[in-house]
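Enquirer: Before we start, here is the structure in question, set down as C-alpha cells.
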Amino acid sequence: MKQYYFLASLLPHLEIGHVPALGYPEFKEFLSVNMSDEGLERIKRFLRLVDIENLRALWTGEPIDPRGNLNQEELEQAVIELSWPGEEEFPDYLREFLQKYHSNEEKADNFYLLMSRFLEDEKENESGFLKEYFNFEREWRLVMVGFRAKKLGKRVEVELQFEDPTDPIVAQILAQKDAKFYEPPFEYKELKPIFEEFANAPVELHRALYEYRFDLLQDFFGSEIFSLDRILGYAAQLLIIEKWLELNVQKGIEIIDRIEEGVQ
C-alpha cells in the first residue's frame with residue numbers, strides 16, 4: 186500500500202480533452218522503474234486488450250497501437266507461434282479463431298467474435314479493477330449492438346447469435362427483439378442519449394463514448410486512490426484520453442479532405 190500511495194501521489198491529474206502531462210511511453214517507463222513485478226504483470230494484463238485490438242490492425246493493414254505490450258514484429262511472431270512472448274500458448278478461443286479463419290479479410294470481418302470471447306474470458310479470470318473493467322467493456326459494447334440493430338433494422342437474435350442467451354445483458358436485449366426501439370438496462374441509461382444524438386456521426390459518437398467511459402472509470406476505484414487498482418484505472422483513463430485526442434486529429438483530417446474535394 187505504501188508503494189502505491191507514493192506512485193499515485195506522483196501521477197499528474199487527467200482531464201479528457203486536454204493533453205496529458207505524462208504520455209503513455211513516459212507512463213509505462215515510470216511504472217517499469219517504480220512498480221513491483223506483481224503490479225507490472227497486472228498492467229500487462231490490462232494492455233492485453235490493446236494487443237487484441239492490434240491483431241485486427243495487423244489483419245487490416247492499419248497502424249499498430251504502440252501502447253500495447255507488443256510491437257508489430259513481436260505480434261506477428263506471436264501469431265505464428267500461437268503464444269505470447271515468453272508465456273504459455275494462446276488461450277483456446279484465440280487458437281480456434283486463428284484456425285477457423287484463414288485469410289486476413291475473414292479474420293477482420295469476424296474480429297468482433299474474438300473481442301467478445303476475450304472480454305468474457307478476462308472477466309471470468311481477473312479480479313478487482315480488471316474484472317470490473319473487462320466486464321464493463323463487454324457490456325457497453327453489447328448495449329451498442331442493441332441500439333445499432335434497431336437503427337439498421339437488423340435482427341438482434343442474429344447479431345447476438347454467438348453470445349450466451351442467459352447472460353443478463355444479452356437476455357435484456359433479446360427480450361426486446363420485437364420492440365420498435367431499444368431501451369438499455371438502467372445502469373447503461375446514459376448511452377441512449379449519446380446514441381440518439383450521434384448515431385449518424387461516427388467520429389462524434391466515438392468521442393462521446395470515450396468521454397462516457399472516462400467518467401465511468403472513476404467509479405471503479407472510488408475512494409481507493411492509493412491502491413494498485415487506482416494505478417490500473419489511471420492507465421485506462423490515460424489510454425482513453427490519448428485515443429480521444431487522436432480521434433480529434435482524425436476528424437480534422439476528414440474535414441480537410443472534404444474541403445479539398447469541394448464537398449461541403
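Numbers 186 to 449, taken from my numbering, label the letters of the sequence shown in order. Positions of the beta carbon are idealized from the N, C-alpha and C atoms, including for glycine.
1. What three-state label does DSSP hand His198 in the structure shown?
2. Pop quiz: Phe212 and Leu423 are said to be a contact at Cβ under 8 Å. What is the actual Cβ separation, rounded to whole angstroms?
3. Consult DSSP for Glu274 and reduce its assignment to one of helix, strand or coil.
4. Let me check understanding here. Comparing Cα to Cα, which of Ser288, Leu225, Asp294, Phe303 lies closest to Pro276?
5. Reducing DSSP to helix, strand and coil, say where Ser268 ends up.
6. Is it the case that the segment 326–338 contacts the segment 349–360, given that we only count it when at least three CB pairs across the two stretches are under 8 Å?
7. From Glu396 to Ile201, what distance separates their C-alpha atoms?
8. Assign Ile249 to buried or exposed, taking buried as 16 or more other Cβ atoms, counted over all protein chains shown, within 10 Å of its Cβ.
9. Determine, using beta carbons only, whether Ile228 and Leu240 come nearer to each other than 8 Å.
10. Can you tell me the Cα-Cα spacing of Ser194 and Leu394, whole angstroms?
11. Taking the Cβ atom as the reference point for each residue, do Leu315 and Arg392 lie within a distance shorter than 8 Å?
12. Asn254: buried (16+ other C-beta within 10 angstroms of its C-beta) or exposed?
13. DSSP state of Lys362, grouped into three classes?
14. Threshold first: 4 residues or longer. Then list the alpha helix (DSSP H) segments lying entirely within the segment 374–401, N to C.
Expert: By the coordinates alone:
1. coil
2. 6 Å
3. strand
4. Phe303
5. strand
6. yes
7. 7 Å
8. buried
9. no
10. 28 Å
11. no
12. buried
13. coil
14. 376–383
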